[in-house]
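Visitor: Have a look at the structure that comes next, please.
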Amino acid sequence: MSSPKSLLIRQARLILPNGELMIGDVLTQGGQIVEVSSEIAATTPTQEIDAQGLTLLPGVIDPQVHFREPGLEHKEDLFTASCACAKGGVTSFLEMPNTRPLTTSQLALDDKLQRAANKCLVNYGFFIGATADNLTELLSARPTPGIKIFMGSMHGQLLIDQEDLLERIFAQGSRLIAVHAEDQERINQRRQEFAGIHDPAVHSQIQDHQAALNATQLALKLSKKYQRRLHILHMSTAQEAELLREDKPSWVTAEVTPQHLLLNTSAYQTIGTLAQMNPPLRSPHDNEVLWQALRDGVIDFIATDHAPHTLEEKGQTYPNTPSGMPGVETALPLMLTAAMDGK
Ligand code: DOR
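Just so you know, we're using numbering that gives the first Met the number 0 here: the sequence shown kicks off at 0 and counts up by one.
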């Protein structure tokens, strides 16, 4: 039997389990870490990487991405998306069901898994999307990390904005439910109030703090009623973070995106509709509170919500422009560096 391949990564910036930084060498064999030390003597035969000036991190798991295959490959496909993951240090991703066709059945899930097996450079998983009439599939589909519910910010079949429909899903089965928490009724009302305004900055006023808070409160209420495993996707407001800080059941988790930590509504002035996403960007105060909630463990982890559109699509006039922030996978190292520098 041949000996497992050795890899020696030299003089990287390492973050130790106790949170301290150290410059040192890491030796792996057969893909497993066997030694970490300030200097390791090379054994034969060893591939070496000079990592001076670089930070070495474990492979990142990105628990929320919107890739575009099948059906929207003019924006991205599973090969290019997984290349972006690898480039950004993401070794596993969990993907959302708003592709074409929607991932709302075992058939559509199997199709995605088959495509991914043929094309993906990194590990993958695919959520099954809730509709008003696919409860049987939600209970039986596999393998899947869980059920995705769009409580708002979605058109057509994937939108579940009625409490009785939501309750039916929360009440049955036990698998994780991940929610896009925005109150569609409030969004609809405010869209009328702000009709005719083409400045994309109005997006944050239409889909406002209250819309996010209302939906998060409702999801929490249902999760508590049925003790149902709930994950709150891309939490964006200080109010939601404060709500969770006061009362977060042990079976509830929440995430925040790099863009909601690092950008705020001032970005509309510089990048216009490229800053348009759902839930929208908020204020610098929200940035601060979200950072603190992440540091304190009130928010459990970071997800990218990577959601590409073409520049042509983004170049139309608001509100005809699609929401979504591309390129977050490849920008992750910048984000992590910012986080380590305490920004
Ligand atoms: O901004 C967003 N874009 N938020 C979502 O939840 C969906 C995504 C997309 O798929 O474009």
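All C-beta atoms in this analysis are idealised placements derived from N, C-alpha and C, irrespective of residue type, glycine included.
Taking only heavy atoms of ligand 1 into account, decide whether any of them is closer than 7 Å to the Cβ of Ser152.
Guide: Position 153 of the sequence shown, counted from the first residue, corresponds to residue 152. Correct: Ser152 has its Cβ closer than 7 Å to ligand 1.
Visitor: What is the DSSP secondary structure of Asp49, counted as helix, strand or coil?
Guide: Mapped onto the sequence shown, residue 49 falls at position 50. Three-state result, Asp49: strand.
Visitor: Pairing CB atoms from the region 190-202 with CB atoms from the region 215-229, are three or more of them under 8 Å?
Guide: No, the region 190-202 is not in contact with the region 215-229.
Visitor: Using the Cα positions of Ile148 and Gly29, report the straight-line distance between them to the nearest angstrom.
Guide: Start at 1 with the first residue of the sequence shown, and residue 148 comes out as number 149. Start at 1 with the first residue of the sequence shown, and residue 29 comes out as number 30. Cα-Cα distance, rounded: 40 Å.
Visitor: Do Cys84 and Val33 count as a contact pair if the criterion is CB distance below 8 Å?
Guide: Stepping through the sequence shown from its first residue, residue 33 is reached at position 34. Stepping through the sequence shown from its first residue, residue 84 is reached at position 85. No, these two residues do not count as a Cβ contact at 8 Å.
Visitor: Could you name the residues of the same chain whose beta carbon sits closer than 7 Å to that of Asp207, not counting the 5 residues immediately before and after it, in chain order?
Guide: The sequence position of residue 207 within the sequence shown is 208, counting from 1. Cβ within range, chain order: Arg189.
Visitor: Any idea what DSSP makes of Val121, helix, strand or coil?
Guide: The sequence position of residue 121 within the sequence shown is 122, counting from 1. Coil, per DSSP.
Visitor: Here's the rule I'm using: 16 or more other beta-carbon atoms within 10 Å means buried, otherwise exposed. How should Gly323 be labelled?
Guide: Within the sequence shown, numbered from 1, the residue matching residue 323 stands at position 324. Burial call: buried.
Visitor: Let me know the secondary structure DSSP gives Ile186 once reduced to three states.
Guide: Residue 186 sits at position 187 when you count from the first residue of the sequence shown. If DSSP states are grouped into helix, strand and coil, Ile186 belongs with the helices.
Visitor: Return the bridge partner residues of Asp24 from the DSSP annotation.
Guide: On the sequence shown, position 25 is the one that residue 24 refers to. Ser36.
Visitor: Mind the definition here: the region 292-304 touches the region 241-257 only if three or more C-beta pairs lie below 8 Å; say whether that holds.
Guide: They touch, by the three-pair rule.
Visitor: Near Leu262, what residues of its chain come up, given a Cβ to Cβ distance below 6 Å and the 5 sequence neighbours on each side ignored?
Guide: Along the sequence shown, read from residue 1 onward, the residue named residue 262 stands at position 263. Result list for Leu262: Leu280, in chain order.
Visitor: Any C-beta of chain B sitting closer than 8 Å to the C-beta of Asn187?
Guide: Looking at the structure shown, chain B is missing, and only one protein chain is on hand.
Visitor: Report the residue from Asp24, Arg228 and Leu331 whose alpha carbon sits nearest the alpha carbon of Ser5.
Guide: Locating residue 5 in the sequence shown gives position 6, counting from the first residue. Answer by Cα proximity: Asp24.
Visitor: Could you tell me the alpha carbon to alpha carbon distance between Asp160 and Gly326, rounded to whole angstroms?
Guide: Residue numbering aside, residue 160 sits at position 161 when the sequence shown is read from its first letter. Residue numbering aside, residue 326 sits at position 327 when the sequence shown is read from its first letter. Cα-Cα distance, rounded: 29 Å.
Visitor: Relative to the C-alpha of Phe125, which residue among Tyr267, Asp110 and Thr135 is closest?
Guide: As a working note, residue 125 is residue 126 in the sequence shown. Measuring from the Cα of Phe125, the nearest candidate turns out to be Asp110.
Visitor: State the Cα-Cα distance for the pair Met153 and Pro96, rounded to the nearest angstrom.
Guide: Taking the sequence shown and counting its residues from 1, one reaches residue 153 at position 154. Taking the sequence shown and counting its residues from 1, one reaches residue 96 at position 97. Cα-Cα distance, rounded: 12 Å.
Visitor: So, at 6 Å on beta carbons, what are the nonlocal neighbours of Ala210 in its own chain, with the 5 sequence-adjacent residues on each side left out?
Guide: Within the sequence shown, residue 210 is the residue found at index 211, counting from 1. The answer, listed in chain order, is Glu181, Asp182, Arg185 and Ile186.
Visitor: Would you say Asn286 touches ligand 1, meaning its beta carbon is less than 7 Å from a heavy atom?
Guide: The residue labelled residue 286 in the question sits at position 287 within the sequence shown. No, since every heavy atom of ligand 1 falls outside the 7 Å radius drawn around the Cβ of Asn286.
Visitor: For the alpha helix (DSSP H) that contains Lys313, what are its first and last residues?
Guide: Walking along the sequence shown from the start, residue 313 turns up at place 314. Element bounds for Lys313: Leu310 to Lys313.
Visitor: Does ligand 1 have a heavy atom nearer than 7 Å to the CB of Gly323?
Guide: Along the sequence shown, read from residue 1 onward, the residue named residue 323 stands at position 324. Yes, the beta carbon of Gly323 sits closer than 7 Å to at least one heavy atom of ligand 1.
Visitor: Assuming Ala302 and His233 are in contact, meaning their beta carbons sit under 8 Å apart, how far apart are those beta carbons, in whole angstroms?
Guide: Taking the first residue of the sequence shown as 1, we reach residue 302 at position 303. Taking the first residue of the sequence shown as 1, we reach residue 233 at position 234. That pair is a contact at about 7 Å.
Visitor: Three or more C-beta pairs under 8 Å: does that hold for the region 88-108 against the region 34-45?
Guide: Output reads no: the region 34-45 does not touch the region 88-108.
Visitor: Among Gln258, Leu229, Pro62 and His284, which residue has its Cα nearest to the Cα of Ala237?
Guide: The count along the sequence shown starts at 1 and reaches residue 237 at position 238. Among Gln258, Leu229, Pro62 and His284, the Cα nearest to that of Ala237 belongs to His284.
Visitor: Do the region 86-93 and the region 133-142 meet, that is, are 3 or more Cβ pairs less than 8 Å apart?
Guide: No: fewer than three Cβ pairs fall under 8 Å.
Visitor: Give me the residue from Ile60, Lys74, Glu136 and Asp76 with the minimum Cα distance to Tyr123.
Guide: For the purposes of this step, residue 123 is taken as the residue at position 124 of the sequence shown. Nearest of Ile60, Lys74, Glu136 and Asp76 to Tyr123, Cα basis: Ile60.
Visitor: Would you call Asp163 buried or exposed, if buried means 16 or more other Cβ atoms sit within 10 Å of its Cβ?
Guide: Residue 163 sits at position 164 when you count from the first residue of the sequence shown. Label assigned to Asp163: exposed.
Visitor: From the DSSP output, in three-state form, read off Pro318 for me.
Guide: In the sequence shown, counting from the first residue as 1, residue 318 sits at position 319. Pro318 falls in the coil class under three-state DSSP.
Visitor: The beta strand (DSSP E) that contains Pro62, what's its start and end?
Guide: Working through the sequence shown from its first residue, we reach residue 62 at position 63. From DSSP, the beta strand (DSSP E) with Pro62 extends over Val59 to Val64.
Visitor: Can you tell me whether DSSP reads Gln258 as helix, strand or coil?
Guide: Position 259 of the sequence shown, counted from the first residue, corresponds to residue 258. In this structure, Gln258 counts as helix in the three-state DSSP scheme.
Visitor: Closest to Thr79 by C-alpha separation, out of Pro16, Phe169, Cys119 and Leu157, would be which residue?
Guide: Locating residue 79 in the sequence shown gives position 80, counting from the first residue. Comparing Cα-Cα distances from Thr79 to each of Pro16, Phe169, Cys119 and Leu157, the minimum goes to Cys119.
Visitor: Jot down the residue ranges of each uninterrupted alpha helix (DSSP H) in the region 186-272, minimum 4 residues, whole runs only, in chain order.
Guide: Correct list: 201-205, 208-225, 237-245, 257-261 and 266-270.
Visitor: Within 10 Å of its beta-carbon, does Thr269 have 16 or more other beta-carbons around it, so buried, or fewer, so exposed?
Guide: Start at 1 with the first residue of the sequence shown, and residue 269 comes out as number 270. With fewer than 16 Cβ atoms within 10 Å of its Cβ, Thr269 is classed as exposed.
Visitor: Do Asp198 and ligand 1 come close, with the Cβ less than 7 Å from some heavy atom?
Guide: Position 199 of the sequence shown, counting from 1, holds the residue named residue 198. No, the Cβ of Asp198 stays beyond 7 Å of every heavy atom of ligand 1.
Visitor: How about Asp182: is its Cβ closer than 7 Å to a heavy atom in ligand 1?
Guide: Position 183 of the sequence shown, counted from the first residue, corresponds to residue 182. No; taking the cut-off as 7 Å, the Cβ of Asp182 has no heavy atom of ligand 1 nearer than that.
Visitor: List the whole-angstrom C-beta distance separating Ser222 from Val255, where the pair is believed to meet the contact cut-off of C-beta under 8 Å.
Guide: Residue numbering aside, residue 222 sits at position 223 when the sequence shown is read from its first letter. Residue numbering aside, residue 255 sits at position 256 when the sequence shown is read from its first letter. Contact flag wrong, Cβ pair sits at about 19 Å.
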